[in-house]
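Just so you know, the protein sequences line up as chains L and A, in that order.
Residue numbers for the first sequence follow our numbering, so the first one is 1 and each next one is one higher.
Residue numbers for the second sequence follow our numbering, so the first one is 1 and each next one is one higher.
Protein chains: 2
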Amino acid sequence: MDELVGQVRGGNRRALARAITRVERSDAAAQELVAALYAHTGNAHVVGVTGSPGSGKSTLVNELAKAFRQQDRLVAIVAVDPSSPFSGGALLGDRIRMRDLSGDTGIFIRSMASRGSLGGLARATAAVVKLLDAAGFDVILVETVGAGQAEVDIANMAHTTLVVEAPGMGDDIQSIKAGILEIADVLVVNKADRPGAGNTVKVLRMMLHMGQGSTVRHHGQMLEAPAGGAPAAATDGADAWTVRVYETVATSGEGVEAVVEAIERHREHLQTTGKWAERERDRSRHEIAQLLQARLMAQLEDEVPAEERERLIAAVASREIDPYAAVDLLFRRVTLAAPHQS
Amino acid sequence: MDELVGQVRGGNRRALARAITRVERSDAAAQELVAALYAHTGNAHVVGVTGSPGSGKSTLVNELAKAFRQQDRLVAIVAVDPSSPFSGGALLGDRIRMRDLSGDTGIFIRSMASRGSLGGLARATAAVVKLLDAAGFDVILVETVGAGQAEVDIANMAHTTLVVEAPGMGDDIQSIKAGILEIADVLVVNKADRPGAGNTVKVLRMMLHMGQGSTVRHHGQMLEAPAGGAPAAATDGADAWTVRVYETVATSGEGVEAVVEAIERHREHLQTTGKWAERERDRSRHEIAQLLQARLMAQLEDEVPAEERERLIAAVASREIDPYAAVDLLFRRVTLAAPHQS
């Protein structure tokens, strides 16, 4: 274990891959590895990339990785596929990607597919990002399918969030998810050589214009930030970041340079305004909430035998007791069983 | 309160609207109302409808509501918009819809927008579905934007899940979300009069064919069902439900009748095979897990002052302590503070 930690910090790729596999397999391993490496994290720029299926975001991520490599940065790509818990969807994209980027030892690629629960995937992804950070990667690109909670989870994990759209998705305001305004730091219309691209750009700019001043960053789900915190700072005129729309053709590399510059500018913006530390707090807030919930569920599974849990679930399903009463019972069992030495 | 409960059960629409508003405003009100009404639920057929933005699913939901009305069923529509926590996006669609369906007192419509957390929205939606069930609605259509966790939440809430697609979303397998195979009971290609519809249908049928035998229903996130439960039953030959693809043009009503028949057939299938009870247990399992998490967070906010939580978050953000150690501390505080009389 100590040896593995040392190897990960030393940049040993095989040790890193092994550590990631452990983290994916169990929360206990994630806890042990992250606890040992956490003090050495905090240097990487974590960039979330999200977008609709078909927006070409994987190709764009590859191009971004190549561009960062030309600046001699060490780049890690974490491709998260929460949309299909049971199929091996992530692996297909991975193979295509490997062919494109293999041969450059400065790029590390890992795909992660959900194994039954989105919460477990989010926790594992957060832990993997820390391992990569501790291993010395300068830029960590976390890519996910644009999909509700997964999108928000990625935004909560990242310093900078790119949202990728493609033309021809209906080309009206209703067809573009309103939520992207809340999470995007940089907007990209990829496949900009396709018909309708100009219209998509126009619609996005209009939406940005309408949303000005009301953009509030989404915080950890249940541990809310105190009122008057980040949102106030975000609308502070001089310190404000302006979200812009960029056009790219990732397959030819067109426009990628400008996106890389925007990502760099956003990092500088965060650092010079003190918002980098603010985002670090938001990330911690979100992560603590997630880990607490996982902890509660683990404790519940330890304390209340499966048969008893099933009996209670059946009683709720048959309307013998209401779900709130069942939760009262379970919560009491968990808290009573907890160790009471202070 | 008792009066409100009586009025809701009696089918008083204004009382129902008032009760829903209370449920949306606080978990405490939801608990009180659901506890009082829960024994009177279990009669409604809950149908989840999810689909990409631009698939025309709201129009389809309206047409389904009209068709169920022609069979003299009481119909409720709950339109859930998790994509935009801060804008009033849900209200726009609501106004358009009201114009189309108003005048029929057998249809009740309610829009719900997320107010900061997806978890809170899912809890409120589950409670609202119960109020509508207790109020005597036969069919409850729960509509949401096709988006990762929200989609799964709806599927966990529903007896029958419709997934709506539209042609021209890229028309290749990668552009169609793989996850729909896991949640769809009925697949609909709407806007079937548009170019490319035939191809979309073909791709979906191919995906269904490839996915045969591996389809496993998604269970409650953290309270997993025991091994050998529902998944085994789902692949049991004679009892198996075959997911089919239907084509509709919701704006003209074309094909809607066949979708209504499929929904009805699915209900009969669930009832005759004993899977209705199985889905009720899955719903309860999922709901208990959600409520337990909310309970933990509420207790945490009661027991640990906001300033102290913020100090701990800042310590994690600055790498003074690791997130797991912080969670240990908080979890101990919550469980120690819990009432210890048995």
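For each residue, glycine too, the CB sits at the ideal point set by N, CA and C.
Asked	Found
Check each candidate in A:184, A:251 and A:70 and name the one with the smallest Cα separation from residue 105 of chain A.	A:70
Using a C-beta cutoff of 8 Å, does residue 34 of chain L count as contacting chain A?	yes
Please report how far the alpha carbon of residue 65 of chain A lies from the alpha carbon of residue 139 of chain A, in whole angstroms.	9 Å
DSSP three-state call for residue 4 of chain A: helix, strand or coil?	helix
Residue 45 of chain A bridges to which residues according to DSSP?	A:139
CB-CB under 7 Å to residue 124 of chain A, same chain, minus the five flanking residues each way: which ones, in chain order?	23, 24, 30 and 112
Using a Cβ-based criterion (distance less than 7 Å to any ligand heavy atom), does residue 53 of chain A qualify as near the ligand NAD?	This structure does not include the ligand NAD; it has no bound ligands of any sort.
Keeping to the same chain, check which residues put their C-beta closer than 8 Å to that of residue 307 of chain A; ignore five residues upstream and five downstream.	none
Please state whether DSSP places residue 34 of chain L in a helix, a strand or coil.	helix
Cα-Cα, which of A:163, A:32 and A:120 is closest to residue 53 of chain A?	A:163
Does residue 90 of chain L pass the burial test, meaning 16 or more other C-beta atoms within 10 Å, or should it be called exposed?	Per-residue confidence for residue 90 of chain L stands at a pLDDT of 43, beneath the threshold of 50, marking its modelled position as unreliable; no derived number is given.
Which residue's Cα is closest to the Cα of residue 290 of chain L: A:285, A:296, A:288 and A:286?	A:296
To the nearest angstrom, how far is it from the Cα of residue 131 of chain A to the Cα of residue 312 of chain L?	22 Å
For residue 104 of chain L, name the three-state secondary structure that DSSP assigns.	coil
Please confirm whether residue 201 of chain A and residue 186 of chain A have their CB atoms less than 8 Å apart.	no
Would you say residue 161 of chain A lies against chain L (beta-carbon separation less than 8 Å)?	no
Would a C-beta distance cut-off of 8 Å place residue 343 of chain L and residue 256 of chain L closer than the cut-off?	Absent from the model: residue 343 of chain L. The displayed extent of chain L is 1 to 342, so no value can be given.
Output needed in chain order: residues of the region 28 to 52 of chain L with a Cβ under 7 Å from some Cβ in chain A.	31, 34, 35, 38, 39, 41 and 42
Please report the distance separating the alpha-carbon of residue 268 of chain L from that of residue 199 of chain L.	31 Å
Should residue 322 of chain A be flagged as near chain L, meaning a C-beta pair shorter than 8 Å?	yes
Does residue 284 of chain A pass the burial test, meaning 16 or more other C-beta atoms within 10 Å, or should it be called exposed?	buried
Using 8 Å for Cβ pairs, my map puts residue 109 of chain L next to residue 101 of chain L. What's the rounded Cβ distance?	7 Å
Would you list, in chain order, the members of the region 271 to 285 of chain A that have their beta-carbon closer than 8 Å to a beta-carbon of chain L?	277, 280, 281, 283, 284 and 285
Looking only at C-alpha atoms, which of L:143, L:35, L:273 and L:321 sits nearest to residue 76 of chain L?	L:143
Verify the CB distance criterion: does residue 291 of chain L have a CB-CB separation below 8 Å to chain A?	yes
Since residue 288 of chain A and residue 327 of chain L are thought to touch, with beta carbons under 8 Å apart, how far apart are those beta carbons, to the nearest angstrom?	6 Å
When the Cα of residue 126 of chain A is compared with those of A:196, A:137 and A:158, which residue comes out closest?	A:158
According to DSSP, simplified to helix, strand and coil, what is residue 81 of chain A?	strand
For residue 288 of chain A, name the three-state secondary structure that DSSP assigns.	helix
Kindly indicate the opening and closing residues of the beta strand (DSSP E) around residue 160 of chain L.	160 to 165
Per DSSP, what kind of secondary structure is residue 261 of chain A in: helix, strand or coil?	helix
For residue 326 of chain L, would you say it is in contact with chain A, using Cβ-to-Cβ distances shorter than 8 Å as the test?	yes
For chain A, find out if any of its Cβ atoms is closer than 8 Å to the Cβ of residue 247 of chain L; answer yes or no.	no
Note down, in chain order, all residues in the region 121 to 133 of chain L with a beta-carbon under 7 Å from any beta-carbon belonging to chain A.	none
Please classify residue 318 of chain A as buried or exposed, where buried requires at least 16 neighbouring CB atoms within 10 angstroms.	exposed
In the region 292 to 318 of chain A, which residues sit with their C-beta less than 9 Å from some C-beta in chain L, listed in chain order?	292, 293, 294, 295, 296, 297, 298, 299, 300, 301, 306, 307, 309, 310, 312, 313, 314, 315, 316, 317 and 318
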